Amino acid sequence: MKLSLVVFTFFITCSLAFGQINLTGVEVKIQNESGINTENLEFAPVFYSNGIVFITTQYDQGKFAITDTRIGQNIMSIFKATRGGDGKLEDPEPLAKELLSTVHEIGVTFNSSAETIYFTRNDVKNTSNSSGNYLKKLNIYSAQYLNGKWENIKEVPFNEEGYNTIHPTISPDMDELYFSSDRPGGYGGYDLYMVRRVGGEWGPPINLGPQVNTPNAEAFPFIHADGTLYFSSNGHGGMGSLDLFYTTKSRDIWKRPVSLGEPFNSAKDDLGFILDLDKKNGYFSSDRPGGKGADDIYSFKIEGAKAGQNEIIATVIDASSNQTVANAQIGYVNLNDIGLVPPNGGTGH
76 MKLSLVVFTF FITCSLAFGQ INLTGVEVKI QNESGINTEN LEFAPVFYSN
126 GIVFITTQYD QGKFAITDTR IGQNIMSIFK ATRGGDGKLE DPEPLAKELL
176 STVHEIGVTF NSSAETIYFT RNDVKNTSNS SGNYLKKLNI YSAQYLNGKW
226 ENIKEVPFNE EGYNTIHPTI SPDMDELYFS SDRPGGYGGY DLYMVRRVGG
276 EWGPPINLGP QVNTPNAEAF PFIHADGTLY FSSNGHGGMG SLDLFYTTKS
326 RDIWKRPVSL GEPFNSAKDD LGFILDLDKK NGYFSSDRPG GKGADDIYSF
376 KIEGAKAGQN EIIATVIDAS SNQTVANAQI GYVNLNDIGL VPPNGGTGH
């Protein structure tokens with residue numbers, strides 16, 4: 076029997092390829108949001124008003140219910156939930172009836188005023204594959220909030236006919252939108268792309284490159300206000316199937332992604348990470364043990380470092396030769412920022 080409320084308290088441990096750093100003064104508290112989680116799927120949260128918007132299969136349309144036999148669940152719908160007085164999420168309900176449909180909706184993002192929504196939906200057009208079978212691909216759509224409801228639902232111009240374009244996330248200045256796609260010309264299964272708004276129109280998709288993308292899958296991107304890109308991948312190594320990573324860029328070149336490590340990553344799927352402006356609170360989704368069903372939504376809170384415990388000395392050791400690795404860069408996550416520590420004079424420290 077699974078617990079209805081699971082609270083995990085961890086100290087961050089960042090595991091790298093040939094070394095390990097323990098940030099002993101920073102505490103992360105993780106809590107299963109049992110007020111909205113069910114035995115069904117709840118995943119891909121985004122901030123919205125005093126709460127979140129997320130994707131779920133818990134919507135029961137009664138005799139009109141549509142089940143996806145491949146996953147044994149109802150179709151995925153866009154829900155919202157509010158934060159109660161105790162800070163916990165409650166009162167899950169559809170975001171808007173005009174966004175409910177007879178196909179999957181997977182992945183949502185809003186502009187800064189929450190007056191424009193971008194979301195993923197199964198294409199209503201049938202597309203046949205090489206075997207003659209008909210498939211419904213996933214595309215990104217947009218809509219505007221006008222007169223109390225979402226109107227002008229339409230496809231974005233950077234969808235690729237016959238391929239999936241999913242999981243949008245838009246920058247706070249609304250000039251960049253990131254997404255995942257299995258379109259041709261990438262590095263593997265699903266790659267991360269970005270489009271820029273130029274003169275009010277979206278430009279052509281730009282692949283984020285081989286530092287970020289792998290022969291496997293990169294998905295569920297989230298672009299923070301500070302320019303850090305968080306995403307899930309099963310191609311950069313890690314603890315489970317899909318793990319959470321972050322990357323930053325310099326002069327439009329993305330750096331090698333760094334794992335968020337425990338407690339955010341587990342031996343199961345971890346995805347849909349979001350972080351508030353203060354970098355102290357956020358949400359992610361996971362099917363780790365102890366949840367209420369399939370994918371659950373978890374909240375987390377980052378506590379401050381204790382005095383005298385915020386200095387870290389690390390040495391990177393090659394696992395095969397047991398020798399110090401000179402000029403090594405070390406990724407870090409702390410209360411105030413995320414980034415890379417430059418090497419110290421080729422010593423490996």
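With our numbering applied, the sequence shown corresponds to residues 76 to 424, in that order. Just so it is clear, CB atoms sit at the ideal spot from N, CA and C, and this is done for glycine as well. Note that the coordinates shown come from a computational prediction; the quantities given were computed from them, not determined experimentally.
Bridge-paired residues (DSSP) for residue i
i: Ile241; result: Ser255
i: Ile130; result: Phe118, Ile153
i: Asp266; result: Ser256
i: Asn214; result: Arg196
i: Ile281; result: Met269
i: Glu293; result: Ser308
i: Lys376; result: Lys104, Asn356
i: Val231; result: Val231 is not bridged to any residue.
i: Gln219; result: Thr191, Glu226
i: Glu276; result: Val273
i: Gln148; result: Asp143
i: Asp318; result: Ser308
i: Leu449; result: Here the chain covers residues 76 to 424 and nothing more, so residue 449 does not appear.
Inter-residue CB distance, residue i and residue j (contact presumed, cutoff 8 Å)
i: Val183; j: Ile153; result: 6 Å
i: Arg196; j: Leu213; result: 7 Å
i: Asp370; j: Ser360; result: 5 Å
i: Asn288; j: Tyr262; result: 4 Å
i: Ile192; j: Ile241; result: The pair is not a contact, with the Cβ atoms about 15 Å apart (cut-off 8 Å).
i: Glu251; j: Ile298; result: 7 Å
i: Gly310; j: Pro280; result: Gly310 to Pro280, Cβ: 19 Å. No contact.
i: Ala292; j: Gly264; result: 5 Å
i: Phe122; j: Phe129; result: 11 Å between Cβ atoms; not a contact.
i: Ser316; j: Asp344; result: 5 Å
Exposed unless 16 or more other CB atoms sit within 10 angstroms - verdict on residue i
i: Ala382; result: Only weak support exists for where Ala382 lies, its pLDDT of 42 falling under 50; the coordinates are left without a value.
i: Asn97; result: Reliability of the predicted coordinates at Asn97 is poor, the pLDDT of 33 falling under 50, and the value obtained from them is presented with this limitation in mind. Result: exposed.
i: Glu168; result: exposed
i: Gly421; result: Low confidence applies to Gly421: its pLDDT is 48, below 50, so where it sits in the model is not reliable enough to give any reading.
i: Gly313; result: buried
i: Thr106; result: Contrary to the premise, residue 106 reads as Gln rather than Thr in this sequence. Buried, by the Cβ-count rule.
i: Ser273; result: Correcting the residue identity first, residue 273 is Val in this sequence and not Ser. Looking at its Cβ environment, which holds fewer than 16 other Cβ atoms inside 10 Å, Val273 is exposed.
i: Pro120; result: buried
i: Glu190; result: exposed
i: Asp362; result: buried
i: Ser325; result: exposed
i: Asp143; result: exposed
i: Ile150; result: buried
Rounded separation between residue i and residue j - CA only
i: Ile215; j: Glu276; result: 15 Å
i: Lys471; j: Val400; result: Because the chain is modelled from 76 through 424, residue 471 falls outside the range shown and cannot be assessed.
i: Ala156; j: Gly126; result: 6 Å
i: Glu235; j: Gly110; result: 38 Å
i: Thr244; j: Leu116; result: 21 Å
i: Lys172; j: Thr131; result: 15 Å
i: Asn425; j: Gly160; result: Any answer about residue 425 is impossible in this case: the structure gives the chain only from 76 up to 424.
i: Pro285; j: Arg331; result: 9 Å
i: Tyr358; j: Arg271; result: 27 Å
i: Pro259; j: Ile146; result: 27 Å
i: Ser124; j: Ala403; result: 42 Å
i: Met269; j: Phe254; result: 6 Å
i: Gly379; j: Lys355; result: 9 Å
i: Ser217; j: Ala342; result: 35 Å
Count Cβ pairs between the stretch 209-227 and the stretch 150-169 that sit closer than 8 Å; are there 3 or more?
no
With three or more C-beta pairs closer than 8 Å as the rule, is the stretch 319-333 touching the stretch 364-371?
Flag = no, the stretch 364-371 and the stretch 319-333 do not touch.
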